[in-house]
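Following: one structure in structure tokens, then a few remarks.
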Amino acid sequence: MYARLKPGITRQQAQAAMDTIGANISKEYPTTNKGWGVKIDLLREQIVGAQLRQTLFVLLGTVCFVLLIACANIANLTLARGAARQKEVAIRSALGAGRWRLLG
Numbered sequence: 501m502y503a504r505l506k507p508g509i510t511r512q513q514a515q516a517a518m519d520t521i522g523a524n525i526s527k528e529y530p531t532t533n534k535g536w537g538v539k540i541d542l543l544r545e546q547i548v549g550a551q552l553r554q555t556l557f558v559l560l561g562t563v564c565f566v567l568l569i570a571c572a573n574i575a576n577l578t579l580a581r582g583a584a585r586q587k588e589v590a591i592r593s594a595l596g597a598g599r600w601r602l603l604g
């Protein structure tokens with residue numbers, strides 16, 4: 501079963517309440533509920549364990565690093581293109597071209 505904790509309720513408080521409810525149910529129906537209990541876990545810990553979570557953070561860091569390298573490469577290519585066109589832009593500017601014409 502999945503449930504949501506009320507705001508301000510800790511996991512320990514919820515576990516204590518569920519232990520009480522489980523004990524009452526075991527007393528009321530001893531034949532069917534003997535030995536059963538309730539354990540409260542966070543959903544994210546059930547779906548993504550601690551080991552996998554750490555691996556996902558490492559993967560996220562790696563992806564961000566590769567994206568940073570790609571952005572730096574694009575910036576470098578743009579600067580190189582601008583440096584290669586410096587003479588052309590100077591001539592067009594001297595002939596009176598506007599800023600938008602210089603970009604094209």
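Using this note's numbering, you'd call the opening residue of the sequence shown number 501 and step up by one each time. Even for Gly, the Cβ is constructed at its ideal location relative to N, Cα and C.
Range of the contiguous alpha helix (DSSP H) that encloses residue i
{"i": "A594", "result": "586-594"}
{"i": "M518", "result": "511-528"}
{"i": "T547", "result": "In the sequence under discussion, the amino acid at residue 547 is Ile, which differs from the Thr named in the question. Element bounds for I547: 543-547."}
Contact check, residue i vs residue j, beta carbons under 8 Å
{"i": "L542", "j": "Y502", "result": "no"}
{"i": "I540", "j": "A514", "result": "yes"}
{"i": "N533", "j": "I525", "result": "yes"}
{"i": "V566", "j": "L556", "result": "no"}
Reference residue i; option with closest CA among the options
{"i": "A516", "options": "V538, E528, N533", "result": "V538"}
Per-residue DSSP class, three states only, for residue i
{"i": "L568", "result": "helix"}
{"i": "R581", "result": "helix"}
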